[in-house]
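So the sequence lines, in the order shown, correspond to chains A and B.
Under numbering that gives the first Met the number 0, the residue at position 26 of the first sequence is numbered 25, and the numbers go up by one with no gaps.
Under numbering that gives the first Met the number 0, the residue at position 522 of the second sequence is numbered 521, and the numbers go up by one with no gaps.
Glycine included, C-beta positions come from ideal geometry on N, C-alpha and C.
One structure is given below, encoded as structure tokens.
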Amino acid sequence: MGKLDKFLLTDLFKGLMLTLKYAFKKPITYQYPEVRRPIEPRYRGRHRLTLHDDGSVRCVACGLCAAICPSQCITIEPMEGPGGKRMPQVYEIEIGRCVFCGFCAEVCPFDAVVLTQEFEMATTDKSTLLFDQQTLREKPRG
Amino acid sequence: MPVIYIDDQPYEVAAHHNLLHACLGLGFDIPYFCWHPALGSVGACRQCAVKVFRDEHDRRGQIVMSCMTPVRDGLRLTIDDPDVRRFRATIIEWLMVNHPHDCPVCDEGGHCHLQDMTVMTGHNYRRHRFAKRTHRNQDLGPHIHHEMNRCIQCYRCVRFYHDYAGGKDLNVFGAHHHVYFGRHESGALESEFAGNLVEVCPTGVFTDKPARRYYARKWDLQSAPSVCGQCGVGCNVLFNERYGKLVRVDNRYHYEINGYFLCDRGRFGHDFVNGEERIRRPLARESRGASLRETSADDALSRATQAVAGRRVIGIGSPRASLEANFALRELVGADSFYLGLSDAEFKSANLSLALLRELPTASLHEIETADAALVLGEDLLTTAPRMALALRQLARRQPTAESIVACPVPEWNDQAVRELVQQQKGSLFSATPGPTKLDEDAAAVYYGELDEIAGLGLAVAAAVDQPSAETDSLATQIATALRNAKRAVIVSGGNEAVMQAAAAVVRALRRAGRDAALCLTQPEGDTLGLAMLGGRALSEVVRDGAECVIVLENDLFARLPEADATAFLERTKTLIVLDHSITRTTARADVVLPAATIAESTGTFVNYEGRAQRCFSAFAPQPDVRESWRWLDALRSSLFWPTFDDVCRAMAQAVPAFAKAPDAAPSAAFRQIGNKIPRQSPRFSGRTAITAQLNVSEPKPPDDPDSPLAFSMEGSREQPPPALIARYWAPGWNSVQALNKFQQEIGGPLRGGDPGVRLIEPEAKP
Numbered sequence: 000m001g002k003l004d005k006f007l008l009t010d011l012f013k014g015l016m017l018t019l020k021y022a023f024k025k026p027i028t029y030q031y032p033e034v035r036r037p038i039e040p041r042y043r044g045r046h047r048l049t050l051h052d053d054g055s056v057r058c059v060a061c062g063l064c065a066a067i068c069p070s071q072c073i074t075i076e077p078m079e080g081p082g083g084k085r086m087p088q089v090y091e092i093e094i095g096r097c098v099f100c101g102f103c104a105e106v107c108p109f110d111a112v113v114l115t116q117e118f119e120m121a122t123t124d125k126s127t128l129l130f131d132q133q134t135l136r137e138k139p140r141g
Numbered sequence: 000m001p002v003i004y005i006d007d008q009p010y011e012v013a014a015h016h017n018l019l020h021a022c023l024g025l026g027f028d029i030p031y032f033c034w035h036p037a038l039g040s041v042g043a044c045r046q047c048a049v050k051v052f053r054d055e056h057d058r059r060g061q062i063v064m065s066c067m068t069p070v071r072d073g074l075r076l077t078i079d080d081p082d083v084r085r086f087r088a089t090i091i092e093w094l095m096v097n098h099p100h101d102c103p104v105c106d107e108g109g110h111c112h113l114q115d116m117t118v119m120t121g122h123n124y125r126r127h128r129f130a131k132r133t134h135r136n137q138d139l140g141p142h143i144h145h146e147m148n149r150c151i152q153c154y155r156c157v158r159f160y161h162d163y164a165g166g167k168d169l170n171v172f173g174a175h176h177h178v179y180f181g182r183h184e185s186g187a188l189e190s191e192f193a194g195n196l197v198e199v200c201p202t203g204v205f206t207d208k209p210a211r212r213y214y215a216r217k218w219d220l221q222s223a224p225s226v227c228g229q230c231g232v233g234c235n236v237l238f239n240e241r242y243g244k245l246v247r248v249d250n251r252y253h254y255e256i257n258g259y260f261l262c263d264r265g266r267f268g269h270d271f272v273n274g275e276e277r278i279r280r281p282l283a284r285e286s287r288g289a290s291l292r293e294t295s296a297d298d299a300l301s302r303a304t305q306a307v308a309g310r311r312v313i314g315i316g317s318p319r320a321s322l323e324a325n326f327a328l329r330e331l332v333g334a335d336s337f338y339l340g341l342s343d344a345e346f347k348s349a350n351l352s353l354a355l356l357r358e359l360p361t362a363s364l365h366e367i368e369t370a371d372a373a374l375v376l377g378e379d380l381l382t383t384a385p386r387m388a389l390a391l392r393q394l395a396r397r398q399p400t401a402e403s404i405v406a407c408p409v410p411e412w413n414d415q416a417v418r419e420l421v422q423q424q425k426g427s428l429f430s431a432t433p434g435p436t437k438l439d440e441d442a443a444a445v446y447y448g449e450l451d452e453i454a455g456l457g458l459a460v461a462a463a464v465d466q467p468s469a470e471t472d473s474l475a476t477q478i479a480t481a482l483r484n485a486k487r488a489v490i491v492s493g494g495n496e497a498v499m500q501a502a503a504a505v506v507r508a509l510r511r512a513g514r515d516a517a518l519c520l521t522q523p524e525g526d527t528l529g530l531a532m533l534g535g536r537a538l539s540e541v542v543r544d545g546a547e548c549v550i551v552l553e554n555d556l557f558a559r560l561p562e563a564d565a566t567a568f569l570e571r572t573k574t575l576i577v578l579d580h581s582i583t584r585t586t587a588r589a590d591v592v593l594p595a596a597t598i599a600e601s602t603g604t605f606v607n608y609e610g611r612a613q614r615c616f617s618a619f620a621p622q623p624d625v626r627e628s629w630r631w632l633d634a635l636r637s638s639l640f641w642p643t644f645d646d647v648c649r650a651m652a653q654a655v656p657a658f659a660k661a662p663d664a665a666p667s668a669a670f671r672q673i674g675n676k677i678p679r680q681s682p683r684f685s686g687r688t689a690i691t692a693q694l695n696v697s698e699p700k701p702p703d704d705p706d707s708p709l710a711f712s713m714e715g716s717r718e719q720p721p722p723a724l725i726a727r728y729w730a731p732g733w734n735s736v737q738a739l740n741k742f743q744q745e746i747g748g749p750l751r752g753g754d755p756g757v758r759l760i761e762p763e764a765k766p
């Protein structure tokens with residue numbers, strides 16, 4: 000850098016120019032929660048248990064998701080439903096411990112558990128972070 | 000020993016094995032289905048293909064089935080050749096054409112040999128688009144679930160059930176692609192060993208029906224090595240738990256005792272652990288006549304302590320409680336006031352057994368299987384010691400084989416050929432029982448008579464062994480000749496004193512004649528012999544003596560004493576304290592009931608029929624108010640003497656010389672592998688952090704286990720543990736029970752590090 004540039008504070012003005020330029024551009028900050036940011040299609044958020052057309056869960060409680068889960072936050076207790084069909088009696092995800100790696104959805108042989116784009120699960124009470132089968136069946140908000 | 004070359008590397012292998020056995024023993028992974036170390040080879044599945052070369056210049060080779068190829072010196076082969084790999088993958092794909100691919104809902108999933116082998120061969124994409132053949136399933140009774148569509152036609156079930164165990168009601172039907180394995184019609188399987196189909200079947204055709212109710216995968220089970228207490232044989236088992244419930248009982252390999260197989264009583268007889276009759280809280284009553292009410296552990300203990308203090312207390316032990324529990328009771332009440340909780344007949348038979356075992360050598364089940372002649376005196380083994388009956392059947396099958404293959408050299412592992420050769424020949428197995436038994440069909444000669452007549456026959460055999468005579472028409476002479484001609488003979492008896500004495504007389508006579516003979520005496524319960532070794536008074540004396548305060552340890556007096564005697568005795572007793580895990584008629588009359596842990600929840604030592612002390616470990620921590628009996632009994636004393644199991648075990652070894660070696664039965668609680676305890680849970684154990692989240696989102700600390708080197712956790716040593724501490728069979732790529740191959744010194748041989756347990760009785764007489 001030349002002595003002249005240093006004396007004239009060229010870099011300072013260059014920086015100020017950039018700031019000035021953006022002052023007249025459309026802002027990129029989203030005013031969350033009033034404005035919601037678009038989510039990438041492969042974003043991994045809260046789980047959902049997918050259903051058959053008749054409203055029954057697709058899950059057969061094979062236990063693979065619980066086995067692959069690196070944070071060991073999935074609990075499944077299987078049962079036999081009508082006609083000897085296997086289904087989960089208990090399907091719980093302790094979402095507070097989930098790392099959203101998506102292994103459970105990856106390993107599921109029936110696409111019965113998927114990761115939705117819902118990410119708003121903040122709470123002040125940790126015990127509400129245990130999502131049971133009913134919660135997991137619900138369609139994601141937003 | 001012959002040297003074989005695998006990919007040009009020389010390996011020394013045993014001459015009498017087939018190539019598959021040898022390669023698996025060397026640590027190579029070859030997929031297989033129909034071969035089983037205990038059942039031999041039939042070459043039914045075509046899965047274990049390898050390529051064999053004529054000599055070192057041959058590069059083309061020839062694909063052969065390794066299970067049907069004998070080992071010979073200089074044999075050259077390759078396991079990992081593109082041709083054989085493709086061949087094996089094609090075979091699996093072919094088997095999979097009709098396999099329903101229902102792994103997610105199959106109970107075998109996670110410990111399925113077919114899954115392991117499919118992954119091993121690399122077949123991973125199904126091309127078959129058409130309908131699959133289907134079968135109708137049968138109801139095979141309360142123990143075995145049948146799902147015939149999953150069958151891959153390896154014939155193992157029939158070869159075990161029909162050939163090995165002698166069952167008549169399961170066979171193979173149909174032809175070509177409609178081969179069906181089952182009964183001729185639905186109905187409970189009749190064999191006492193039907194439960195082994197669960198482990199023998201490489202896939203999910205036969206699964207454990209009681210375990211099915213719990214839907215637990217193998218990787219989710221918390222398990223610990225233990226011992227079956229249903230009879231005196233002391234088979235090694237694995238207890239598997241999930242959610243505080245005993246889910247299933249698996250065979251735990253012990254070369255000398257149960258090998259690969261258990262009886263159904265051992266496998267399915269532990270339902271009481273989850274039973275409705277379990278006592279889970281301490282019970283006490285205010286006064287005689289008041290009803291039993293649940294109370295706290297402290298209250299129950301203080302009541303019991305008050306009742307015991309300053310009074311003459313007598314203790315009644317139990318053959319189904321561990322040695323330590325019986326010892327703790329004996330220490331609490333004093334040796335003079337300790338009564339063995341055995342009926343009169345059991346007491347006499349147990350004491351006589353002990354005296355005879357100290358005099359004469361005995362045989363393990365493996366030694367029975369490999370003996371050359373056997374005589375059963377007075378015992379219906381399929382009810383008193385079923386696993387021993389299975390061992391005797393192997394003797395009867397193996398002995399004519401050994402003779403036939405001398406004349407016509409067929410390798411012993413070549414199962415089909417050997418059975419062609421042997422046909423209906425029977426080995427030197429003789430049976431003398433009060434009535435027909437299922438073992439009769441394997442016996443060369445059978446005798447039915449009253450017990451004193453059987454004893455008479457035994458003595459006649461002993462006399463005939465002593466003085467061989469020319470006349471051969473009498474049964475006694477025939478038996479005596481066979482026993483004299485045998486290199487090793489085994490005499491099995493039990494129960495009745497006169498018959499046991501007669502059996503001992505035969506063994507003595509054979510040993511006088513310079514023959515190697517052993518005496519096996521069955522024991523009715525898991526710790527009968529241990530109780531006799533501990534020593535105490537007969538239960539009939541207690542009725543005469545009576546006492547103000549009586550402590551009954553895991554026993555039902557009504558099962559041991561005549562009804563009138565038991566009632567009269569309990570009416571004279573002022574305070575009755577009972578420790579038990581389930582409700583009995585005795586607990587119903589108790590003043591204080593302390594809930595005892597079952598064998599699946601406690602650490603203890605049991606002594607089997609041959610005097611082998613074996614350690615059982617708790618598979619899961621009992622509920623808070625349930626404790627091991629020795630813990631309760633220790634708490635009844637003025638101060639705690641034994642905070643951990645090792646303390647009570649060591650105290651017992653010091654106090655009772657007969658048990659000096661008992662602490663060596665398994666490593667102590669201080670044992671660590673690379674600084675770690677051995678985990679009871681698999682590394683894949685699921686839901687650890689979520690399982691109790693409905694109670695508290697913070698994960699609780701796992702229960703401590705001060706009594707054993709095992710941890711109630713998935714964390715710990717990943718190394719192969721010492722044999723007494725093996726909690727599951729698993730090796731990389733081997734999730735099924737066949738992973739056992741990786742735990743044995745040689746396949747079908749002893750476990751690495753020697754088989755667990757320690758023999759406490761050494762006979763005085765030497766051959």
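For residue 766/B, which residues from the same chain have a beta carbon less than 7 Å from its beta carbon, with the 5 sequence-adjacent residues on both sides left out? Residue numbering aside, residue 766/B sits at position 767 when the second sequence is read from its first letter. Summary for residue 766/B: the model assigns pLDDT 46, below 50, so the residue's position carries little reliability; its value from the coordinates is reported in the next sentence. Cβ within range, chain order: 510 and 515.
How about residue 685/B: is its C-beta nearer than 8 Å to some C-beta of chain A? Locating residue 685/B in the second sequence gives position 686, counting from the first residue. Taking Cβ atoms only, chain A reaches closer than 8 Å to residue 685/B, which makes this a yes.
Assuming the contact rule is C-beta atoms closer than 8 Å, residue 438/B and residue 391/B should be a hit. Round their C-beta distance to whole Å, please. Residue numbering aside, residue 438/B sits at position 439 when the second sequence is read from its first letter. Residue numbering aside, residue 391/B sits at position 392 when the second sequence is read from its first letter. The pair is a contact, with the Cβ atoms about 6 Å apart (cut-off 8 Å).
To the nearest angstrom, report how far apart residue 416/B and residue 280/B are at their CA atoms. On the second sequence, residue 416/B is found 417 positions in, with the first residue counted as 1. On the second sequence, residue 280/B is found 281 positions in, with the first residue counted as 1. Looking at the two C-alpha atoms, the distance is approximately 59 Å.
For residue 207/B, which three-state DSSP category applies? Working through the second sequence from its first residue, we reach residue 207/B at position 208. Correct three-state label for residue 207/B: strand.
Return the residue from the list 412/B, 172/B, 216/B and 90/B that minimises the CA-CA distance to residue 14/B. The residue given as residue 14/B occupies position 15 in the second sequence. Closest by alpha carbon: 412/B.
Any beta carbon from chain C within less than 8 Å of residue 113/A's own beta carbon? In summary, chain C is missing from the structure at hand, where the protein chains are A and B.
Please list, in chain order, all residues of the same chain as residue 603/B whose beta carbon is under 6 Å from its beta carbon, the five residues on each side excluded. By one-based count along the second sequence, residue 603/B stands at place 604. Exclusion of the five residues before and after residue 603/B leaves 321, 323 and 615 as the residues of its chain whose Cβ lies within less than 6 Å of its Cβ.
Pick from 176/B, 193/B and 656/B: whose alpha carbon is nearest that of residue 132/B? On the second sequence, position 133 is the one that residue 132/B refers to. Closest option to residue 132/B, Cα to Cα, is 176/B.
Indicate the three-state DSSP secondary structure (helix, strand or coil) for residue 766/B in the structure shown. Counted from its first residue, the second sequence places residue 766/B at position 767. The predicted position of residue 766/B is uncertain, since its pLDDT is 46 and thus under 50; a value taken from the coordinates is nonetheless stated next. Assignment of residue 766/B by DSSP, reduced to helix, strand and coil, places it in the coil class.
Three or more C-beta pairs closer than 8 Å, one from the stretch 348 to 355 of chain B and one from the stretch 516 to 532 of chain B: is that the case here? Yes, they touch.
Test: residue 218/B CB closer than 8 Å to a CB of chain A: Taking the first residue of the second sequence as position 1, residue 218/B is located at position 219. Taking 8 Å as the CB threshold, residue 218/B lines the interface with chain A.
Tell me which residue opens and which closes the alpha helix (DSSP H) that residue 617/B is part of. Here residue 617/B refers to the residue found at position 618 of the second sequence. Judged by DSSP secondary structure, residue 617/B falls outside any alpha helix (DSSP H); it is assigned neither H nor E.
Could you give the residue range of the beta strand (DSSP E) that holds residue 78/A? Working through the first sequence from its first residue, we reach residue 78/A at position 79. Where residue 78/A is concerned, the enclosing beta strand (DSSP E) stretches over 73 to 79.
Taking the straight line between their C-alpha atoms, what separation do you get for residue 743/B and residue 42/B? Working through the second sequence from its first residue, we reach residue 743/B at position 744. Working through the second sequence from its first residue, we reach residue 42/B at position 43. Spanning the alpha carbons of residue 743/B and residue 42/B requires a straight line of approximately 24 Å.
Just to make sure I have the definition right: I need the residues of chain B whose C-beta is within less than 8 Å of the C-beta of residue 108/A. Which are they? Position 109 of the first sequence, counted from the start, is the residue given in the question as residue 108/A. Chain order gives the chain B residues near residue 108/A as 102 and 103, where near means a beta carbon separation below 8 Å.
Go through its chain and collect everything with a Cβ distance to residue 676/B's Cβ below 6 Å, but skip five positions before and after it. Here the question's residue 676/B lines up with position 677 in the second sequence. Contacts found: 708, 710 and 715.
If we call anything under 8 Å between Cβ atoms a contact, is residue 1/B one with residue 71/B? Within the second sequence, the letter at position 2 stands for residue 1/B. Within the second sequence, the letter at position 72 stands for residue 71/B. Closer than 8 Å, so yes.
6 Å Cβ shell around residue 461/B - same chain, five flanking residues per side excluded: On the second sequence, position 462 is the one that residue 461/B refers to. Shown here for residue 461/B: same chain residues with a beta carbon closer than 6 Å to its own, the five before and five after excluded, namely 504, 505 and 508 in chain order.
On the three-state DSSP scale, how would you describe residue 415/B? By one-based count along the second sequence, residue 415/B stands at place 416. Here DSSP, grouped into helix, strand and coil, assigns residue 415/B to helix.
Exposure label - residue 266/B; buried when at least 16 CB within 10 Å: As a working note, residue 266/B is residue 267 in the second sequence. Counting other Cβ atoms within 10 Å of its Cβ, residue 266/B reaches 16 or more and is therefore classed as buried.
Could you compute how far the alpha carbon of residue 808/B sits from the alpha carbon of residue 679/B? Absent from the structure is residue 808/B, since the part of chain B shown begins at 0 and ends at 766.
If you drop the 5 nearest sequence neighbours on each side, which residues of the same chain put their C-beta closer than 6 Å to that of residue 96/B? On the second sequence, residue 96/B is found 97 positions in, with the first residue counted as 1. The answer, listed in chain order, is 127.
Could you give the C-beta distance for residue 686/B and residue 71/A, rounded to a whole number, given that I count them as a contact under 8 Å? By one-based count along the second sequence, residue 686/B stands at place 687. By one-based count along the first sequence, residue 71/A stands at place 72. Contact holds; Cβ gap of about 6 Å.
Where does the unbroken alpha helix (DSSP H) through residue 133/A begin, and where does it stop? Position 134 of the first sequence, counting from 1, holds the residue named residue 133/A. Membership of residue 133/A in the alpha helix (DSSP H) is indicated by the continuous run 132 to 136.
Quick check: is the beta carbon of residue 91/A nearer than 8 Å to any beta carbon in chain B? By 1-based counting over the first sequence, the position of residue 91/A is 92. Chain B, which has a Cβ nearer than 8 Å to the Cβ of residue 91/A, makes this yes.
Going by the CB atoms, is the gap between residue 261/B and residue 203/B shorter than 8 Å? Counted from its first residue, the second sequence places residue 203/B at position 204. Counted from its first residue, the second sequence places residue 261/B at position 262. Going by C-beta atoms, residue 203/B is not nearer than 8 Å to residue 261/B.
Using a Cβ-Cβ distance under 8 Å, would residue 214/B count as near chain A? Against the second sequence, residue 214/B aligns to sequence position 215. True, the Cβ-Cβ gap to chain A drops below 8 Å.
Along chain A, which residues have their Cβ under 9 Å away from the Cβ of residue 206/B? Locating residue 206/B in the second sequence gives position 207, where the first residue counts as 1. None at all; the shortest Cβ gap to chain A is about 13 Å.
Distance, residue 717/B Cα to residue 60/B Cα: On the second sequence, position 61 is the one that residue 60/B refers to. On the second sequence, position 718 is the one that residue 717/B refers to. Each residue's Cα considered, the two are about 40 Å apart.
Distance, residue 64/B Cα to residue 37/B Cα: Taking the second sequence and counting its residues from 1, the one referred to as residue 37/B is at position 38. Taking the second sequence and counting its residues from 1, the one referred to as residue 64/B is at position 65. Approximately 18 Å, taken between the alpha carbons.
Do residue 6/B and residue 68/B come within 8 Å of each other at the CB atom, strictly closer than that value? To locate residue 68/B, count along the second sequence from 1; it is residue 69. To locate residue 6/B, count along the second sequence from 1; it is residue 7. No, they are not a contact pair.
Is it true that the CB of residue 539/B sits closer than 8 Å to the CB of residue 263/B? Numbered from its first residue, the second sequence carries residue 263/B at position 264. Numbered from its first residue, the second sequence carries residue 539/B at position 540. Contact annotation: residue 263/B and residue 539/B have beta-carbon atoms that are not nearer than 8 Å.
Step through the CB atoms of chain B and report whether any lies within less than 8 Å of the CB of residue 69/A. The residue given as residue 69/A occupies position 70 in the first sequence. Chain B, which has no Cβ nearer than 8 Å to the Cβ of residue 69/A, makes this no.
Could you list the residues in the stretch 683 to 710 of chain B with a C-beta less than 7 Å from some C-beta on chain A, going in chain order? Cβ contacts with chain A come from 683, 685, 686, 687, 688, 689, 690, 692, 693 and 696.
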